[in-house]
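Chains as they are written, first to last, in my numbering: chain A, 908 to 1332; chain H, 6 to 67.
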Amino acid sequence: MNFWSNLFYKYRRFWKAVKTYLLVAGPGLIVMIADNDAGGITTYVVTGAKYKYHFLWFLIILGPVAYYVQEMTVRLGAVTKRGHAEAIFAAFGPGWGWFSLLDLVFTNWLTLVTEFIGMTAALSIFNVPPFITVIVVIIIMAFMVIQGRYWTWEKIVMGFCILNLIYIPAAFMIHPSATEILKNSFIPHIPPGGITSDLFFLFLANIGTTIAPWMIFFQQSSVVDKNMQEKDMFLGKVDTAIGAIFTVAIAFFCIIVTGTLLYGVDIESAAQASIKLMDINKYLGTFLAIGLFDAGLLGAVCISLASTWAFGEVFGWAHSLNYKVKEAPWFYFFYFIILISSGAVVLIPGAPLILITLFVQVVSVTLLPAALVFLIILLNHEPTMGKYKNTSGENIINIGIVLFIIFVSTLYGISTLFPNIIKIF
Amino acid sequence: MRFFEIISEIFKNLVETVKSINKKYEKPNFVLSKPMKFILVLLRIYLIVIVSLVIIKFVSIL
């Protein structure tokens, strides 16, 4: 009797914890899954086609890296009730504040253009003209925000996050070698062919897709908009950890699909890979194209909001998804302006889209180190963070990760500017 | 004529808002320790180098 009552008690406690988690879940999951945006999917597709499963072990390492950085934004947001942009203004003054805000808006705008490039390329496979794609995306995104409820927006985005898991069934459909995958997942090694400039560039690109400046601003603002409290912090961290597992899983299975079917094929973009896959298996090609569109949409949703929240915080506008359009006109005006303007760029005939795609990597290098350094400094400020400040152990891990990301993203940006530099390898 | 008036009004408002933001955050609520100040100096140098590289690249393209 005692055993059964104990079991029942544990069962009820477990479900209570799950229900509480579902209330808090959102910012961490969304930011992590949206991290695999159109650019991210392209990176994984190219990685799989070029190096088969040999990058899988490396992807597993990147999961904790993303978690440790994003976890800090949960703590900072829940304690200060301020977004990252406003926190920088308040802590470091208008100089660093304006730099971060304007750099963020500019970088995000360029990244949004690349998301639209990904989405139009994905739907063009199904003969959808780019202008229809842009209009449909803007309508979907307008519908998501004008509800005037953060909760509704979040649940719709979660639906798109689930769609992003499409690569998992796709990988199971092709029956890849489990032994080979396991071997490449848990034994760190250098891929066959040794260290070359291609390998080095893909190594940098995979790290580059792990942490982007918008993620820091987005999750902190999202935590504030969701009104997460200090007591919710643990579940917020769990949410981020589960998101990190999903982001690695999506990348992992995406690489398995292209590594199994397109290994050795010269692939330059995810849309091109979808077309090639359609020749092999119609459903797989369709899955990849839908995944690419969804990745672009998720990226666009989060990036446009990261900018809008940041601007709203600093300018003092009403800046919550819980407001109706009438209550926060500038917030929504700014949201639509950046959305429509970035979508319009893709429709301009002869627009330098490749240059924009490359330029994003360079511009984000000017913002990412600053955002990360500010994050570390803010998390070490006892009067602000109190008992939630970084512990010595967290500092060792976080500072190590931040230095590593700064070093690698800088190298990535410079190698984009001067490709010959990495040929020394 | 009306259009230019509206634009000038918007611009004037924007300048006022920026000034008020600058005033609001004029005094940072952080007392920076020496290591933190040093980190911010390093960050400035880093940004100058990166921006210079970008400029060099674009000048060489042009």
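We treat Cβ as the ideally placed atom computed from N, Cα and C, and that holds for glycine.
Look up Glu31 (chain H) in the DSSP assignment and say whether it is helix, strand or coil. As a first step, residue 31 (chain H) must be located in the second sequence, where it is residue number 26. It is coil, neither helix nor strand.
Can you name the residues of chain A whose CB is closer than 9 Å to the CB of Lys62 (chain H)? Locating residue 62 (chain H) in the second sequence gives position 57, counting from the first residue. Per Cβ cutoff of 9 Å: Val1269, Leu1324, Phe1325.
Under 7 Å between beta-carbons, which chain A residues line up against Asn34 (chain H)? List them in chain order, please. As a working mapping, residue 34 (chain H) is identified with position 29 in the second sequence. The answer, in chain order, is Ala997, Ala998.
Could you tell me the boundaries of the alpha helix (DSSP H) in which Trp1224 (chain A) lies? Here the question's residue 1224 (chain A) lines up with position 317 in the first sequence. Trp1224 (chain A) -> no alpha helix (DSSP H), and no H or E assigned at all.
Local Cβ density within 10 Å of Pro1259 (chain A), reported as buried at 16 or more and exposed below that: Position 352 of the first sequence, counted from the start, is the residue given in the question as residue 1259 (chain A). Pro1259 (chain A) comes out exposed.
Neighbour list for Ala1277 (chain A) in chain H, Cβ cutoff strictly below 8 Å: The residue you call residue 1277 (chain A) lines up with position 370 of the first sequence. By Cβ distance, chain H contributes Leu48, Leu52.
Could you tell me whether the Cβ of Trp1003 (chain A) comes closer than 9 Å to any Cβ of chain H? The count along the first sequence starts at 1 and reaches residue 1003 (chain A) at position 96. Cβ-Cβ to chain H under 9 Å: yes for Trp1003 (chain A).
May I ask you to report which of helix, strand or coil DSSP gives Gly1171 (chain A)? By 1-based counting over the first sequence, the position of residue 1171 (chain A) is 264. If DSSP states are grouped into helix, strand and coil, Gly1171 (chain A) belongs with coil.
What would DSSP say about Arg989 (chain A), mapped onto helix, strand or coil? Here residue 989 (chain A) is taken as the residue at index 82 of the first sequence, counted from 1. In this structure, Arg989 (chain A) counts as coil in the three-state DSSP scheme.
Beta carbon of Gly946 (chain A), beta carbon of Thr1165 (chain A): below 9 Å? Mapped onto the first sequence, residue 946 (chain A) falls at position 39. Mapped onto the first sequence, residue 1165 (chain A) falls at position 258. Not closer than 9 Å, so no.
Only counting runs of 4 or more residues, tell me where the alpha helix (DSSP H) segments fall wholly within the segment 1053-1080 of chain A, in order along the chain. 1057-1070, 1074-1080
Give the C-beta separation of Asp1146 (chain A) and Gly935 (chain A) to the nearest angstrom, bearing in mind that I take them to be a contact with Cβ-Cβ under 8 Å. Position 239 of the first sequence, counted from the start, is the residue given in the question as residue 1146 (chain A). Position 28 of the first sequence, counted from the start, is the residue given in the question as residue 935 (chain A). Yes, they are in contact, since the Cβ atoms of Asp1146 (chain A) and Gly935 (chain A) sit about 4 Å apart, within 8 Å.
Minimum Cβ-Cβ distance from Thr949 (chain A) to chain H less than 9 Å: On the first sequence, position 42 is the one that residue 949 (chain A) refers to. No, because no Cβ of chain H sits closer than 9 Å to the Cβ of Thr949 (chain A).
Proximity winner among A:Met1140, A:Ile1094, A:Pro1236, A:Pro1076, relative to Phe1160 (chain A) (alpha-carbon distances): If you number the first sequence from 1, residue 1160 (chain A) lands on position 253. Per the Cα distances, A:Pro1076.
Would you mind giving the Cβ-Cβ distance between Leu1111 (chain A) and Val986 (chain A), rounded to the nearest angstrom? I have them listed as a contact below 8 Å. Locating residue 1111 (chain A) in the first sequence gives position 204, counting from the first residue. Locating residue 986 (chain A) in the first sequence gives position 79, counting from the first residue. That pair is no contact at about 34 Å.
Outcome for Arg989 (chain A) when other beta-carbon atoms lying within 10 angstroms are tallied against a minimum of 16: For the purposes of this step, residue 989 (chain A) is taken as residue 82 along the first sequence, with counting starting at 1. Label assigned to Arg989 (chain A): buried.
Cβ neighbours of Lys1144 (chain A) in the same chain (closer than 7 Å, five flanking residues each side left out): Taking the first sequence and counting its residues from 1, the one referred to as residue 1144 (chain A) is at position 237. Once the five neighbours on either side are set aside, the close Cβ partners of Lys1144 (chain A) are Glu978, Val981.
Quick one, which residues of the segment 1214-1235 of chain A are near chain H if we go by CB-CB under 9 Å, in chain order? Val1221, Phe1222, Gly1223
Counting only beta-carbon separations shorter than 9 Å, does Val56 (chain H) have a partner in chain A? Working through the second sequence from its first residue, we reach residue 56 (chain H) at position 51. Yes, Val56 (chain H) counts as interfacial toward chain A.
What residue range is occupied by the uninterrupted alpha helix (DSSP H) comprising Gly1257 (chain A)? Here residue 1257 (chain A) corresponds to residue number 350 of the first sequence, with the count starting at 1. Where Gly1257 (chain A) is concerned, there is no enclosing alpha helix (DSSP H), given that its DSSP letter is neither H nor E.
Is there contact between the segment 948-965 of chain A and the segment 1030-1042 of chain A, where contact requires at least three CB pairs shorter than 8 Å? no
Which residues of the segment 957-975 of chain A have a Cβ closer than 7 Å to any Cβ of chain H? Give them in chain order. none
Pairing CB atoms from the segment 1023-1031 of chain A with CB atoms from the segment 1293-1301 of chain A, are three or more of them under 8 Å? no
First through last residue of the alpha helix (DSSP H) which encompasses Met1122 (chain A): Counting from one through the first sequence, the residue named residue 1122 (chain A) turns up at place 215. From DSSP, the alpha helix (DSSP H) with Met1122 (chain A) extends over 1120-1132.
Does any CB atom of chain H fall closer than 9 Å to the CB of Gly1307 (chain A)? For this step, residue 1307 (chain A) is matched to residue 400 along the first sequence. So no, Gly1307 (chain A) is outside the interface.
For the pair the segment 996-1016 of chain A and the segment 1169-1188 of chain A, tell me if three or more CB-CB distances fall below 8 Å. no
Let me confirm a value: Asn1071 (chain A) is counted as buried when at least 16 other C-beta atoms fall within 10 Å, else exposed. Which label applies? By one-based count along the first sequence, residue 1071 (chain A) stands at place 164. It counts as buried.
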